[in-house]
Amino acid sequence: MYCYARPTHEYLGFSAGLDFETKILVLDPPKYGLVPYTGVFPIELTLDHTGPIAHSAADCTLLLEVIAGPDGLDPRQSVGVRTEVYTRVLTGDARGLRIRIVREGFGWSGASEPDVDQVVRDAAQRFTRAGATVSEFSIPLHRDGIHIWNAIAVEGATMLMVNGNSMGTNWKGHYTTPLLGFYGRSRRVRANNLSETVKLVILLGQYMQDNYHGHYYAKAQNLARVLRAAYDEALKGVDLLLMPTTPMKATLLPPPNASREEYVARALEMIPNTCPFDVTEHPAMNVPCGMSGGLPVGMMLVGRPWEDGTVLKAAHAFEQIR
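Per the working numbering, residue 20 is the first one in the sequence shown, and the count goes up by one each step.
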């Protein structure tokens, strides 16, 4: 399956779409703000994305075409939201596409599986045989993207999702008052039912607020601009960046008696390549590109902000050549 977002799915750390790879889905987390988030449970206002998941790039494109655009209710959407007739770009032709393999997206210590890296590199070469130009590029700051995301996600989620009872304040748009009321009451009486990862977010986020007063959240938001500039620089002269969607294939769930440490580590081990693009607002798409050990492997294509059509065009073209 391909995902540009679930049919639809929310993306925090691209997590919304990470079941795409295990189910051979196409996932397309679009440019931040392209699809209104209204009515979706929020986590962190500056990271929240939503978009389509489908069984093909064409289906993903059609769904995005239907749901993209401003609704006048979502504060994540800027005045200049740009849409197009995305289905018109699906030519099935990869000729002329310029793609850069991001070196730092491969070989994550303790996470990357060599067979996954190889399947994705082989997929990139199939683009070459189809007429695209493929080169390799280094973006050292990509390795720090997950740390920038963590600082924003943990503290930001604590303030919005927990202290703000999922709605928070200081923004104009549609406040879902039934959700606010139900969740605000329920999280107080059933907090023990929250997942270990959410409990960690609550404790760590509040600790950071109490002791550092938002300093590291603010610093991470400032660094987000630097990270975005690094990707923008890498995209100069090319159309797309390419890397594995996740560094490993689907893994077994932790056993029921797993420690909290293992539970949390396993919950977040798959997002180092995807979560930076929640921070920087670039459109990114998972494209199933092969199998290894009977499990699917995903290739991620990343485009310039508002150039979702280019990402979709490349994904559709890849389907025709594999």
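C-beta: ideal position from N, C-alpha, C; glycine also. What you are looking at is a predicted structure, and each value in this text was computed from that prediction instead of being measured.
Burial state of residue i, where buried means 16 or more other Cβ atoms lie within 10 Å
i	result
Glu300	buried
Asn292	buried
Leu53	buried
Thr264	buried
Glu280	exposed
Tyr194	exposed
Leu331	buried
Gly91	exposed
Ser278	exposed
Leu109	buried
Val138	buried
Ala248	exposed
Asn189	exposed
Ala210	exposed
Own chain residues within Cβ distance below 6 Å of residue i, not counting five before or after
i	result
Gly187	Leu179
Arg117	Thr152, Val257, Asp258
Ala239	Ile167, Ala170, Ile171
Asp67	Tyr56, Pro61
Ala333	Leu116, Leu259, Leu320
Met181	According to the sequence displayed, residue 181 carries Val and not Met. Cβ within range, chain order: Ile221.
Leu223	Val173
Val88	First, the residue type needs correcting, since residue 88 is Gly and not Val in the sequence shown. Only Thr102 meet the Cβ criterion.
Gly322	Leu259, Pro302, Thr329, Val330
CB-CB length for residue i against residue j, believed under 8 Å
i	j	result
Thr65	Tyr105	The pair is not a contact, with the Cβ atoms about 25 Å apart (cut-off 8 Å).
Leu160	Leu213	Actually they are not in contact, since the Cβ atoms of Leu160 and Leu213 sit about 33 Å apart, beyond 8 Å.
Tyr250	Leu260	7 Å
Gly309	Asp141	7 Å
Ala130	Thr216	Not really, about 17 Å apart at Cβ, beyond 8 Å.
Pro49	Gly70	4 Å
Gly342	Tyr236	Nothing can be reported for residue 342, as the shown portion of the chain is limited to 20 through 341.
Contact under 8 Å by Cβ, residue i with residue j
i	j	result
Pro302	Glu326	yes
Met319	Met262	yes
Val298	Gly164	yes
Phe156	Arg122	yes
Ile120	Ala253	no
Pro315	Pro307	yes
Ala365	Leu82	Coverage of the chain is limited to positions 20 through 341, which leaves residue 365 absent and any answer about it impossible.
Residue i: CB within 7 Å of a non-hydrogen atom of the ligand HEM
i	result
Gly328	With respect to small molecules bound, the structure shown includes none, and the ligand HEM cannot be examined in it.
Own chain partners of residue i with C-beta closer than 7 Å, once the 5 adjacent residues on each side are dropped
i	result
Gly111	His335, Ala336, Gln339
Gly124	His161, Met262, Pro263, Asn292
Tyr345	Within the shown structure, residues of the chain are numbered from 20 to 341, placing residue 345 beyond reach of any answer.
Gln225	Thr177
Ser97	Gly52
Glu84	Val104, Tyr105, Thr106
Chain-order list of residues whose beta-carbon lies under 8 Å from that of residue i (same chain, five-residue window excluded)
i	result
Gly312	Asp134, Lys268
Ala143	Ile118, Ile120, Val153, Leu261, Met318
Leu198	Phe60, Ser185, Met186
C-beta neighbour in chain C for residue i, strict 8 Å
i	result
Leu53	Annotation note: the requested chain C is absent from the structure, which comprises a single protein chain.
Identify every run of the alpha helix (DSSP H) within the segment 144-232, keeping only runs that are complete inside it and at least 4 residues long; order them along the chain. 164-176, 196-208, 215-231
Segments assigned beta strand (DSSP E), at least 3 residues, entirely inside the segment 265-338: 303-311, 314-321
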